[in-house]
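Residue 456 in the numbering used here sits at position 446 of the sequence shown, with consecutive numbering throughout.
Notes follow the structure.
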Amino acid sequence: MAKQEDNFKKVISHAKEYGYVFQSSEIYDGLSAVYDYAQNGAELKKNIREYWWKAMVQIHSNIVGIDAAILMHPTTWKASGHVDAFNDPLIDNKDSKKRYRADVLIEDYVAKIEGKIEKEVQKAAKRFGDTFDKEQFLATNGRVVDYQKKADTILKRMGSSLEKEDLADVKLLIEELGIVCPISGSKNWTDVKQFNLMFGTKLGASAESAMDLYLRPETAQGIFVNFLNVQKTGRMKIPFGIAQVGKAFRNEIVARQFIFRQREFEQMEMQFFIRPGTQKEWYETWKENRMKWHLSLGMGEENYRFHDHDKLAHYADAAADIEFRFPFGFKELEGIHSRTDFDLKSHEEYSGKKLQYFDHEMEESYVPYVVETSIGLDRMFLAVFSNSLKEEELENGTTRTVLKIPAVLAPTKAAVLPLVKKDGLPDIAHQIIADLKWDFNVIYDEKDAVGRRYRRQDANGTPFCITVDHQTIEDQTVTIRHRDSMEQERVAINEVKGIIAAAVDMKSWLQKMS
Ligand code: ATP
11 MAKQEDNFKK VISHAKEYGY VFQSSEIYDG LSAVYDYAQN GAELKKNIRE YWWKAMVQIH
71 SNIVGIDAAI LMHPTTWKAS GHVDAFNDPL IDNKDSKKRY RADVLIEDYV AKIEGKIEKE
131 VQKAAKRFGD TFDKEQFLAT NGRVVDYQKK ADTILKRMGS SLEKEDLADV KLLIEELGIV
191 CPISGSKNWT DVKQFNLMFG TKLGASAESA MDLYLRPETA QGIFVNFLNV QKTGRMKIPF
251 GIAQVGKAFR NEIVARQFIF RQREFEQMEM QFFIRPGTQK EWYETWKENR MKWHLSLGMG
311 EENYRFHDHD KLAHYADAAA DIEFRFPFGF KELEGIHSRT DFDLKSHEEY SGKKLQYFDH
371 EMEESYVPYV VETSIGLDRM FLAVFSNSLK EEELENGTTR TVLKIPAVLA PTKAAVLPLV
431 KKDGLPDIAH QIIADLKWDF NVIYDEKDAV GRRYRRQDAN GTPFCITVDH QTIEDQTVTI
491 RHRDSMEQER VAINEVKGII AAAVDMKSWL QKMS
């Protein structure tokens with residue numbers, strides 16, 4: 011646990027030191043759970059957004075993208091169920107006066123049991139070596155089976171109590187499990203209460219006539235209310251999707267874990283409109299498609315897993331998360347939800363407008379069913395950033411800090427470094443930049459010894475360093491150094507663009523999905 015916390019602290023301080031993420035309004039001591047993306051962070055975020063957009067919109071002829079407003083008519087949130095049901099179950103510890111999400115306390119308890127299972131697996135894998143069969147071990151080892159049973163029973167009970175709104179039982183479960191407050195160490199808990207997560211605001215000039223609005227807690231509703239507009243103007247035929255990327259706001263009670271849980275964040279969502287009855291198939295298809303997208307980035311298959319929901323949101327008939335191994339353990343990165351016709355039906359009811367599709371093949375009108383994929387851009391950022399940060403021991407006994415961001419997402423693709431600040435080398439470096447800058451983000455760096463500059467670019471996540479030296483003047487070649495392998499090769503200046511392009515080209519990364 012201590013090591014995990016240490017690693018996470020390193021991630022946060024590295025993000026600040028290298029211009030990726032700053033605390034919002036830091037000069038005023040910050041605003042809790044609100045963050046600003048700095049010069050490198052904004053680029054990384056933009057690249058992730060683009061990687062998602064191309065995968066969802068550009069390569070699918072039946073998916074289009076929109077950009078709806080953050081402010082929506084307030085009835086939207088009555089219809090969507092957010093006014094009545096977008097709550098988190100809260101519990102306070104009477105001694106520390108700290109507030110927690112009851113479900114998160116229980117999930118953290120279960121995560122500890124899962125940690126024990128993982129330890130048993132690691133021990134056994136060591137003991138049995140090559141003959142180790144993980145699946146068989148999980149299914150037959152007595153201790154592991156008991157742990158798994160316990161974890162499942164707890165989650166099931168929590169799921170059903172939350173669904174039945176039986177908050178007394180959620181408290182009872184916390185008490186039975188002997189969960190203590192991480193601050194005070196006591197079990198002195200209040201009752202569990204529901205707390206609505208939407209931020210309210212007002213529209214209008216005078217207090218009397220102002221209209222109460224909410225900042226959208228998800229981008230999806232902007233898609234639902236525009237469903238018919240897009241379908242008609244785009245002449246879309248079912249099945250088709252509408253995607254969007256945008257800000258969402260939630261008054262999170264327990265906002266810790268850096269950019270994992272923020273009060274203002276960005277979602278990348280896609281609603282896929284389908285014939286009723288086909289939701290199971292499409293749900294599976296999108297689960298698979300989204301997992302492939304993640305794996306295409308090469309961040310390690312072992313760092314992802316599916317988690318099927320026991321507790322379903324008010325709108326869903328099936329739901330799963332893609333969980334990622336963050337520095338604090340496996341947590342939700344993306345949700346895939348089979349939302350039925352809940353949203354469109356409800357908007358029909360509240361607006362009095364028909365939101366139906368006429369299916370020419372079936373010769374009938376119906377309210378389409380929806381399968382949604384919903385990923386937090388900031389969580390994806392944290393997944394990429396934390397997974398990329400490595401401390402490596404080098405052969406000469408020193409260590410280096412390197413940010414191995416997949417080259418396609420790296421904020422800066424190359425740094426151009428004159429070996430010395432004289433003899434015309436800076437001029438050649440600037441000429442190289444003048445050529446490369448039309449295709450890539452590139453930077454110039456002439457300060458310090460070249461070894462220190464390499465380290466700086468490693469820590470910054472720059473996949474290539476291009477060094478101009480005296481030989482360059484003679485034969486128009488430069489040294490290109492690869493961040494991950496630290497290998498260096500001598501290449502002609504006119505080959506550089508092609509080498510970088512091959513490594514960062516989105517198309518070839520995305521094609522790994524198929
Ligand atoms: P959690 O259980 O972690 O609160 P959720 O199930 O409420 O998340 P969804 O409503 O399914 O999340 O939202 C879809 C995605 O939006 C999540 O998978 C996550 O990546 C992202 N997300 C949700 N809440 C936040 C937040 N407060 N900060 C950053 N990203 C978030």
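Note that beta-carbon positions come from the ideal geometry of N, C-alpha and C, so glycine has one too.
Predicted, not measured: the structure shown is a model, and the values here were computed from it.
- Secondary structure of Val-460 (DSSP, three-state): helix.
- In the three-state DSSP reduction, Leu-322 falls in the coil class, being neither helix nor strand.
- Restricting attention to beta strand (DSSP E) runs no shorter than 3 residues, the stretch 100 to 126 encloses them at 109 to 111, ordered along the chain.
- Cβ neighbours of Phe-316 within its own chain (closer than 6 Å, five residues either side excluded): Ala-330.
- Below 8 Å, too few C-beta pairs join the stretch 362 to 369 and the stretch 416 to 425 to call them touching: fewer than three.
- The ligand ATP never approaches Gly-51 closely enough for any of its heavy atoms to be under 7 Å from the residue's Cβ.
- Per the Cβ contact rule, the stretch 396 to 408 is not in contact with the stretch 477 to 487 (fewer than 3 Cβ pairs under 8 Å).
- By the Cβ rule, the stretch 12 to 24 counts as touching the stretch 327 to 341, because three or more pairs are nearer than 8 Å.
- For Asp-449, there is no enclosing alpha helix (DSSP H), as DSSP gives it neither H nor E.
- Taking 3 residues as the shortest admissible run, the stretch 337 to 375 contains the following complete beta strand (DSSP E) segments, listed from N- to C-terminal end: 339 to 350, 367 to 369.
- The secondary-structure analysis by DSSP pairs Cys-475 across a beta bridge with Ala-425, Arg-491.
- Under the three-state reduction of DSSP, Ile-22 is assigned to helix.
- Closest in C-alpha terms to Leu-392, from the list Lys-13, Gln-14, Tyr-30, comes Tyr-30.
- Assigned with DSSP and collapsed to three states, Glu-333 falls in strand.
- DSSP places Gln-272 in the coil class of the three-state scheme, outside both helix and strand.
- For Met-82, no pairing in a beta bridge is given by DSSP.
- The Cβ atoms of Ile-73 and Gly-345 do not sit closer than 8 Å to each other.
- Separation of Val-506 and Val-478 (C-alpha to C-alpha, rounded to the nearest whole angstrom) is 12 Å.
- Phe-259 and Ala-230 have their alpha carbons spaced roughly 13 Å apart.
- Boundaries of the beta strand (DSSP E) around Gln-204: 203 to 206.
- Looking at the DSSP output, His-317 shares a beta bridge with Asp-331.
- Contact between Val-381 and Tyr-293 holds: CB atoms are separated by about 5 Å, below the 8 Å threshold.
- Ranked by Cα distance from Asp-449, the first of Leu-427, Ala-513, Leu-435, Val-430 is Ala-513.
- Of the candidates Gly-244, Arg-226, Pro-378, Val-180, Arg-226 places its Cα closest to the Cα of Asn-261.
- Pro-378 is not a Cβ neighbour of Asp-353, given a cutoff of 8 Å.
- For Ile-438 against Thr-482, the beta-carbon gap comes to about 6 Å, under 8 Å, which counts as contact.
- With contacts defined as CB atoms closer than 8 Å, Ile-80 and Gly-287 fail to qualify as a contacting pair.
- The three-state reading of DSSP puts Asn-239 in helix, counting H, G and I together.
- Counting C-beta atoms within 10 angstroms of its own C-beta, Thr-163 has fewer than 16 neighbours from the protein chains shown and is therefore classed as exposed.
- A contact between stretches requires three or more CB pairs, one per stretch, nearer than 8 Å, and the stretch 198 to 210 meets this requirement with the stretch 93 to 109.
- If the five residues before and after Asp-320 are omitted, its C-beta is found closer than 7 Å to the C-beta atoms of Leu-165, Lys-166, Gly-169, all from its own chain and listed in chain order.
- The residue from Leu-446, Met-496, Ser-495, Arg-137 with its alpha-carbon nearest to that of Gly-508 is Leu-446.
- Proximity of the beta carbon of Arg-59 to the ligand ATP is not indicated: no heavy atom of the ligand is located closer than 7 Å.
- Residue state for Asn-97 is assigned as strand, using DSSP reduced to three classes.
- Cβ atoms of Arg-463 and Leu-427 come within 8 Å of each other, at about 5 Å.
- Taking a 10 Å sphere around the C-beta of Leu-54, we find 16 or more other C-beta atoms and assign the residue as buried.
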